[in-house]
């Protein structure tokens, strides 16, 4: 059944994406919205619209968001990244991230033995583990490395990954609003963010509409992305442009701190772009595809993430790592740097944006090795 708006009706689809994003920004000003968060609202609304066949699950507009806005978001969010703050914050997030990696690998072994998969289970588990250590770029790389090339099986695995990943993203955006969890997992970062929201709820409204600053921020951001793509292609690692983007913007922000500190609106622009990314993620969640073609694959993916949670969160609490840091570390591990940055930004945890991106980028680097090694070990 075709959707009411066909994939080539780009203006209509874009209008809905922007409208839902505007609704999310408005909802965040309400008492309920501050608990649920904008990204959660966007995901739920877009998932509902796409699964009711009002908008398509796949469209060129979503591809534009993924290809251009997501990379450009990283420099926008990191233009005032301070290396001293990065090193002080990233250490704890990285510890949580590495615990999460161990949990993901253990989850892969558990899923291999518990979930019955009828087609090359070792390869599928290796691919999922690589994806939940790095990101979707690692899915494709490990699938190619272990020669998992059947198009129908690959598309089913992708469908399972997308739906389970989107569900976990929903959970992560919601979990910080549960008071009973926050009593068990104390978080100074969450408390400070909550206090700032109460004391100055109008701050977001006072950002000056300085078009000169925004134009410069966009020029710098897209320029960095272009240079990063060029460098990664020249070095034979085109899938790792995110690594080059991160290194370039962190270097520039610390070499020219005075100039970039005067910029206004870059963080808000980055948050806006990320909300559009969430809209694309929500729209791409096809529940019918999961039910009919990939239930066991989804169960395997969900098992990996469940074990990841059971390993990471209790150990992190034992080590007294801040709950917000654990959430961002888990996000970076399972879902990758873009969503980690977006979640940190949307929750007001600005000090965790850079550590989340850095952990996620590190995951890109190590995930292929982990996924291929595990696939060979299980096979």
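Residue numbers (my numbering): 27 to 405.
Where is the CB? At the ideal position from N, CA and C, for every residue including glycine.
Annotated three-state conformation of residue 255 is helix, per DSSP.
Every alpha helix (DSSP H) stretch that sits fully inside the stretch 301-354 and reaches 4 residues is listed by chain position as 313-319, 321-344. Cβ atoms of residue 372 and residue 65 come within 8 angstroms of each other, at about 5 angstroms. Under the Cβ criterion (8 angstroms, minimum of three pairs), the stretch 69-85 counts as touching the stretch 301-317. Looking only at 336, 379, 281, 150, the smallest Cα-Cα distance to residue 403 is reached by 150. The stretch 173-186 and the stretch 359-370 do not touch, with fewer than three beta-carbon pairs separated by less than 8 angstroms. The Cβ atoms of residue 153 and residue 137 do not sit closer than 8 angstroms to each other. Every alpha helix (DSSP H) of 4 residues or more that sits fully in the stretch 165-244 is shown, in chain order, as 177-201, 205-210, 214-225. Residue 119 and residue 30 have their C-alpha atoms roughly 43 angstroms apart. For the options 91, 117, 260, 68, the alpha carbon positioned closest to that of residue 381 is the one of 117. Burial state of residue 204 is exposed, judged by a 10 Å Cβ sphere holding fewer than 16 other Cβ atoms. The count of Cβ pairs closer than 8 angstroms, one atom from the stretch 260-272 and one from the stretch 323-337, stays below three, leaving the stretches out of contact. Contact check for residue 87 against residue 130 fails: the beta carbons are separated by 8 angstroms or more. The beta carbons of residue 378 and residue 354 sit closer together than 8 angstroms.
Annotated as proximal: residue 194 and residue 360, with beta-carbon spacing under 8 angstroms. In the displayed model, residue 93 falls within a helix according to three-state DSSP.
The residues 302, 303, 306, in chain order, have a CB closer than 6 angstroms to that of residue 91 in the same chain once the five nearest residues on each side in sequence are set aside. DSSP places residue 399 in the uninterrupted alpha helix (DSSP H) bounded by 379-404. Burial state of residue 46 is buried, judged by a 10 Å Cβ sphere holding 16 or more other Cβ atoms. Separation of residue 401 and residue 241 (C-alpha to C-alpha, rounded to the nearest whole angstrom) is 47 angstroms. In the displayed model, residue 285 falls within a helix according to three-state DSSP. Judged by DSSP in its simplified three-state form, residue 263 adopts coil rather than helix or strand. Taken through DSSP and simplified to helix, strand or coil, residue 48 comes out as helix. For residue 30, the three-state secondary structure derived from DSSP is coil. Here residue 139 carries a helix assignment [DSSP, helix/strand/coil]. Per the coordinates, the alpha-carbon of residue 51 lies some 13 angstroms from the alpha-carbon of residue 295.
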